[in-house]
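Residue numbers (the numbering used here), protein chains in the order written: chain S, 1 to 318; chain B, 1001 to 1290; chain Z, 2001 to 2450.
The structure appears right after this line, and notes come after that.
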Amino acid sequence: MRRIPSWVWPIAVAVFTLALSRFVENDYYMFAGYVVLQYIVLASAWNILGGYAGYVNFGSAAFFAIGAYGTVVLDQLVEPPLVVAILFGGIVASLVGLVTAYLTLRLRGVFFAIATLALAIVLQTLVMNWEFVGGPLGVYTTRPDSIAGFPSYVNYLFVVMLVLALIAVLVARSIELSFVGRGLAAIRDNELAAECCGVPTFRLKVLAAMLSGGLMGMAGAPFPYYITYLDPNSAFSIAYGINSIAMPLVGGMSHWIGPVIGAVLLAVVQQVATVTISSELNLMIVGVVLISFITLAPNGVVGLFERYQQQRRWRPGK
Amino acid sequence: MVTFNLLLNAVVSGILLGGFYAAVTIGITIAFGMLDIVNIAHPVFIVMGSFIAYLVNRMFGVDPIVTVIVASPLFFLLGVAIFRFYHAAFEGSGRGSLRGLAFFFGMLFVIEVTLLLAFGVDYRLVRTTYIGPNVGFAHIDLPLRMVMPFVGSIALVSGLHIFFGHTFVGRAIMAVAQDEFALSLMAVDTVAIRQLAFGIAIATAAIAGGFLIVIQPVEPSLGREYIGRVFAICVLGGMGSIPGTVIAAFILGVVETMTSTLWGPSWAPAVSFAALLLTLAVRPSGIMGR
Amino acid sequence: MSKHGIRQNHGKRALSPELSFDDNPIKGTRLTRRLFGRGFMTISALAACRALRASSALAAEPIKIGFGMAQSGPLGGNGKAALLAIEMWRDNINARGGLLGRPVQLIYYDDQTNPALIPGIYSKLFDIDKVDLVLGGYGTAVQAAALPIVMQRKQLLIGTGAVAVNDRYNYDKYFQMLPNGSTARTSTSEGFFQAAMTMEPKPKTVAIVGALTEFSHNVILGARENAEKFGLKIVYDSGYPPNQVEFGSIIRSIQAADPEVVFVASYPPDSAGVIRAAYEQKLQTRMFGGAMIGLQYAELKQQLGPMMNDVLSYEFYVPAPTTNFPGIKEFLAAYQERAKTAGADLLGFYLPPYAYAGMEILEKAVTATKGLEADAIGRYIHETTFDTVVGKVSFAANGDWAKPRLLYVQYRGIVGNDLDQFKEVGKQVIVEPQEFASGTLHYPFAASSH
């Protein structure tokens, strides 16, 4: 068990899920699963900058919306295949991440957070005033009925998002285990000291911002096909911002598996609550889950696990 | 066609609006600026204050601003209770402020849903004698509906400024904000002081709530729309500085009204927040920051 | 404690007083057995009868009608009101023996006014809950997101409160219970402009302002067209962001342009803000109003009170001699009673009658086609004119109302903040369309000189 490198597990789970999805007939599980996978991408992406480097991004919705509206723009012009739209969304979002980073990463952490919030609002206002993408009226995107090789288009969207989730997790993992990750951790612990030790803090932060933003944009790119009617309120929903922060926090921010755990936990709770309790109480449940986890598991689920392992080590042979 | 009259009134409206924004933000200035507690749920406490004002206004016809002033000690106690829990659970451990943020996110939802269950989803308004009349002189329009909250807000902020600058307790709070460690070395109970400060922050939320419901209709999820403004003003003003908050609030208010008048209201949020980004790029510590 | 004693006590407590035992335990037992036997047979016979009746009702499987409906989020207020109306229909029809002899069961989920939840909700309704029929939620965004899924399942979709959703798809089984009709973009403001042109002398200028949200913006686009059509010059044309707090500067800019007519497309908080600002500044204009959502709700009517005098706004229903449709009064009385505890709008003048009428239409179509087959139902609805609590309803090819029937109402003589005055005839005068008019336009705008 100890000999298997950790990157095998995400791939194995992804392949297993893919195989499973072939047999699922109900589109409902595809729709719900899509949302969970989408949040895995968002949470992992957020964690690159937020968990590893300690720079809290309040504006995840902005990057997500860039991906979504990028697809809309392309769709109005050329009707591209989905993969192209995803790449486009990812590139544009990471460029925006680059610009934001240049403008704000010289500031102390909290100012970066506020700046990302401001960015989200500025972008939403721009989109609202841009008639080409519908402005406040929103824009319709036709979801094709079927696509070759998949039982339904929704199934295809699910698989696409599965692949994106896998990519996001592997990217996060490779950052964490590389010198980039160590540099970011040094920045998180004490940026000044890291600078003094010769860590290229600014360059690393910009790289992290670009990767983080780019992945979020990629998560947003298939969204217009999922929802078929996109308006600024949906694209820039505060739910994306909040969940992107809450999920890594609940799952654990120091390890790449943390955002995955947090995303699965919170997203599944929300999806289940939507179709069972289904009322204002949904939001209450999310709030209570959040508070409970944050209070009882300070370093997330990963932290709980680490604490458990530590305790086991003190009691050998039991 | 833009006339001098129009511009003058835009500025005046902006200042009146800014005064209100200052009241809404002052709690964040204290909690976030001075105590480094990212209380993202602050706007929902304001909305809670609005609903209490609504309830009392509906049932007994009492003025909303009077109601919230009377209710503010209760909110103070609520703030103290929340701080106690927050401190026990989150401070002193790694990444405290980020976990505190998530905690307050959770609180935001819980309180919002409680308000939803208690009051329903509809917009609520209050009835007062000063909604409607307009006091004007020269060419300047002063709708009392904006003037009364403005006056109340200036009173609140001035009172707090005096409190923080010239009373022993207030100065203690500012000392804690400046260097908590040093203060603890001097055998000062910093936790008690911070607790007091946070209680005051929540009490101001109640009072701001009274102003809010006079100015606009309120429904439980309205708080979310103020999160951005509130933190923007706090940061723009220079974190824990009260005069800074007031100036930043005025600036934001005037920018909003001027943009409305000159280019059209649809661009106002973009202009306000772009101005914020610009300020952060040029002078990151804010207007009156240290 | 003798055995007798025990048995006697036991007997007296367990069975009715008339039946008691003598001292002979064996005799008592026989009596007990007989009494038990008879009693048991009676009871079991009764129970069997009830079970038979119940199981015959149970054997009739319920017809499941599924939908998402906003119970929270920006449109939660309307969603709650609509839901109450639909529940009232369900109770009503079940009391009358059900639909096609089967009880109706509603399965609904809160869509939180968030279209991102719609694909999940509707696919669950179809694939897991296995509903027989679906309805739309309230609002354009949620119905736009639901339509493709419904189309894929070749099912029927009836909804309220959405505009232009079917323009892109032209689906033949989509129906919209909105009196704005198929040209909603222009028809929403048409009555307003028609009323404006009844003024003497005819106005020449108009100011247009609205919220940058999808419904308001749509209406603004139509208002611009209407202004041109009626020969009015647009002297002010602006949109404001949804969370606008301060309307004084907007009203002042409008005043600076000196329009004779002011058209507003707004949502509840801005409707209140605009009316208050206009009142405070004594806006000088001849006619003021528009497609102002929120003025139809009890809370705003009550709290704005006299500030609404002479304001023109669209309404779906107001009590007037011309709107006395069959069943509307009874429906509203019953609704208003239930709304108190359901936390829904207390007057119910906006969505509830339309949601209820939509269910009446569904009921009639299902009963007439004697089944749940979507194609047949869809065809029937297209071909028929229905009599409902909101009058005669017939549908155009794209599912919208064939003939728009948006009422433009002017508020008059509102005093104080009493809610009941809005239940009377006369305070809300219908000025357009002419076939429903209960009065003529009063101008100039009262707030100009209050």
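Idealized CB from N, CA, C, for every residue including glycine.
If you're wondering where the values come from, they're calculated on a predicted model, not measured in any experiment.
Could you name each continuous beta strand (DSSP E) segment of 3 residues or more that falls completely within the segment 2167 to 2237 of chain Z, going from the start of the chain to the end?
2174 to 2176, 2205 to 2211
Can the beta-carbon of B/G1209 be found closer than 7 Å to that of B/V1056?
Position 209 of the second sequence, counting from 1, holds the residue named residue 1209 of chain B. Position 56 of the second sequence, counting from 1, holds the residue named residue 1056 of chain B. No; because the gap between Cβ atoms is not below 7 Å, this pair is not in contact.
Establish whether the CB of Z/T2188 and some CB of chain S are separated by less than 7 Å.
The residue labelled residue 2188 of chain Z in the question sits at position 188 within the third sequence. So, not an interface residue.
Taking DSSP as the reference, what is the three-state secondary structure of Z/M2287?
For this step, residue 2287 of chain Z is matched to residue 287 along the third sequence. Three-state DSSP puts Z/M2287 in a strand.
Given 8 Å, three or more beta-carbon pairs between the segment 2391 to 2399 of chain Z and the segment 2411 to 2418 of chain Z:
no
Proximity below 7 Å, CB of B/T1261 to CB of Z/S2253
Here residue 1261 of chain B corresponds to residue number 261 of the second sequence, with the count starting at 1. Here residue 2253 of chain Z corresponds to residue number 253 of the third sequence, with the count starting at 1. Cβ distance < 7 Å, so B/T1261 and Z/S2253 count as in contact.
Could you have a look at Z/G2039 and say whether DSSP puts it in helix, strand or coil?
The residue labelled residue 2039 of chain Z in the question sits at position 39 within the third sequence. Low confidence applies to Z/G2039: its pLDDT is 49, below 50, so where it sits in the model is not reliable, and the reading given next is rough at best. Helix, per DSSP.
Find the residues of chain S that neighbour B/F1105, judging by a C-beta separation of less than 8 Å, and give them in chain order.
As a first step, residue 1105 of chain B must be located in the second sequence, where it is residue number 105. Going along chain S in sequence order, the residues near B/F1105 (Cβ under 8 Å) are I242, I245, A246, G287, L290.
Report the residue from S/F63, S/R307, S/M253, S/F293 whose alpha carbon sits nearest the alpha carbon of S/G54.
Position 54 of the first sequence, counted from the first residue, corresponds to residue 54 of chain S. Among S/F63, S/R307, S/M253, S/F293, the Cα nearest to that of S/G54 is on S/M253.
Within chain S, the residues that B/F1231 reaches when beta carbons sit closer than 7 Å
Position 231 of the second sequence, counted from the start, is the residue given in the question as residue 1231 of chain B. What B/F1231 touches in chain S: I114, L117.
Cβ of Z/D2132 within 7 Å of any chain S Cβ
Taking the third sequence and counting its residues from 1, one reaches residue 2132 of chain Z at position 132. Chain S contact via Cβ: absent.
8 Å Cβ shell around S/F111 - same chain, five flanking residues per side excluded:
As a position in the first sequence, residue 111 of chain S is number 111, starting the count at 1. Correct list, in chain order: T104.
Verify the CB distance criterion: does S/S278 have a CB-CB separation below 7 Å to chain Z?
Within the first sequence, the letter at position 278 stands for residue 278 of chain S. So, interface residue.
Strand pairing of Z/W1942, partner residues [DSSP]:
Here chain Z has residues from 2001 to 2450 only, and residue 1942 of chain Z is not among them.
Could you list the residues in the segment 2131 to 2163 of chain Z with a C-beta less than 7 Å from some C-beta on chain S, going in chain order?
A2141, A2144, A2145, P2148, Q2152
Under 7 Å from the C-beta of S/F236: neighbouring residues of chain B:
Working through the first sequence from its first residue, we reach residue 236 of chain S at position 236. By Cβ distance, chain B contributes nothing, its closest Cβ being about 11 Å from S/F236, past 7 Å.
Per DSSP, B/P1143 forms a beta bridge with which residues?
If you number the second sequence from 1, residue 1143 of chain B lands on position 143. According to DSSP, which records beta bridges pairwise, B/P1143 is partnered with B/N1134.
CA-CA distance, Z/Q2303 and S/I238?
Translated into positions along the third sequence, residue 2303 of chain Z becomes position 303. Translated into positions along the first sequence, residue 238 of chain S becomes position 238. Taking the straight line from one Cα to the other gives about 31 Å.
Simplified DSSP state of Z/G2159, which is helix, strand or coil
For the purposes of this step, residue 2159 of chain Z is taken as the residue at position 159 of the third sequence. Note: Z/G2159 maps to strand in three-state DSSP.
Any chain B beta carbon closer than 7 Å to Z/I2250
The sequence position of residue 2250 of chain Z within the third sequence is 250, counting from 1. For Z/I2250, the answer is yes, since a Cβ of chain B falls inside 7 Å of its Cβ.
Would you list the residues sitting across from Z/D2387 in a DSSP beta bridge?
Against the third sequence, residue 2387 of chain Z aligns to sequence position 387. In the DSSP output, where bridge partners are listed per residue, Z/D2387 has Z/K2392.
Using DSSP with H/G/I as helix, E/B as strand and the rest coil, what is Z/A2265?
Position 265 of the third sequence, counted from the start, is the residue given in the question as residue 2265 of chain Z. Z/A2265: strand per DSSP, three-state reduction.
Could you check whether S/G138 and S/D231 sit closer than 7 Å to each other, using their CB atoms as the reference points?
Against the first sequence, residue 231 of chain S aligns to sequence position 231. Against the first sequence, residue 138 of chain S aligns to sequence position 138. Cβ atoms of S/D231 and S/G138: closer than 7 Å.
I want to verify the contact list: residues of chain Z whose CB lies under 7 Å from the CB of S/L137, in sequence order.
Your numbering for residue 137 of chain S matches position 137 in the first sequence. Within 7 Å Cβ-Cβ: E2214, H2217, N2218.
Status (buried if at least 16 other CB within 10 Å, exposed otherwise) for B/V1282
Here residue 1282 of chain B refers to the residue found at position 282 of the second sequence. Exposed, since its Cβ has fewer than 16 Cβ neighbours within 10 Å.
Kindly indicate the opening and closing residues of the beta strand (DSSP E) around Z/V2311.
By one-based count along the third sequence, residue 2311 of chain Z stands at place 311. Where Z/V2311 is concerned, the enclosing beta strand (DSSP E) stretches over 2311 to 2315.
Tell me which residue opens and which closes the beta strand (DSSP E) that B/V1214 is part of.
Numbered from 1 along the second sequence, position 214 holds the residue referred to as residue 1214 of chain B. Counting along the chain, B/V1214 falls outside any beta strand (DSSP E), though it belongs to the alpha helix (DSSP H) covering 1190 to 1215.
Which chain Z residues are close to S/V35, counting only those with a beta carbon under 8 Å from its beta carbon?
The residue labelled residue 35 of chain S in the question sits at position 35 within the first sequence. What S/V35 touches in chain Z: A2116, G2120.
Per DSSP, what kind of secondary structure is B/R1124 in: helix, strand or coil?
Along the second sequence, one-based indexing puts residue 1124 of chain B at 124. Looking at B/R1124 - three-state DSSP - the assignment turns out to be strand.
Between the segment 67 to 80 of chain S and chain Z, which residues of the former have a C-beta closer than 9 Å to a C-beta of the latter?
none
Which first and last residues belong to the alpha helix (DSSP H) in which B/M1258 is found?
As a first step, residue 1258 of chain B must be located in the second sequence, where it is residue number 258. It spans 1242 to 1262 - the alpha helix (DSSP H) in which B/M1258 sits, taken as one unbroken run.
Within 10 angstroms of the Cβ of Z/T2385, are there 16 or more other Cβ atoms? Answer buried if so, exposed if not.
Here residue 2385 of chain Z refers to the residue found at position 385 of the third sequence. Answer is exposed; the Cβ neighbour count stays below 16.
Just the Cα atoms here: how many angstroms apart are Z/T2113 and S/V180?
Within the third sequence, residue 2113 of chain Z is the residue found at index 113, counting from 1. Within the first sequence, residue 180 of chain S is the residue found at index 180, counting from 1. Between Z/T2113 and S/V180, the C-alpha separation is close to 42 Å.
Integer Cβ distance of B/R1171 from Z/R2276, believed to fall under 8 Å:
Residue mapping note: residue 1171 of chain B aligns to position 171 of the second sequence, counting from 1. Residue mapping note: residue 2276 of chain Z aligns to position 276 of the third sequence, counting from 1. That pair is no contact at about 42 Å.
S/I121 and B/G1228 look like a contact to me (Cβ under 8 Å); what is the Cβ gap, rounded to whole Å?
One-based indexing of the first sequence puts residue 121 of chain S at position 121. One-based indexing of the second sequence puts residue 1228 of chain B at position 228. About 5 Å; that satisfies the 8 Å criterion.
Is the CB of B/R1058 under 7 Å away from at least one CB in chain Z?
The residue labelled residue 1058 of chain B in the question sits at position 58 within the second sequence. Chain Z contact via Cβ: absent.
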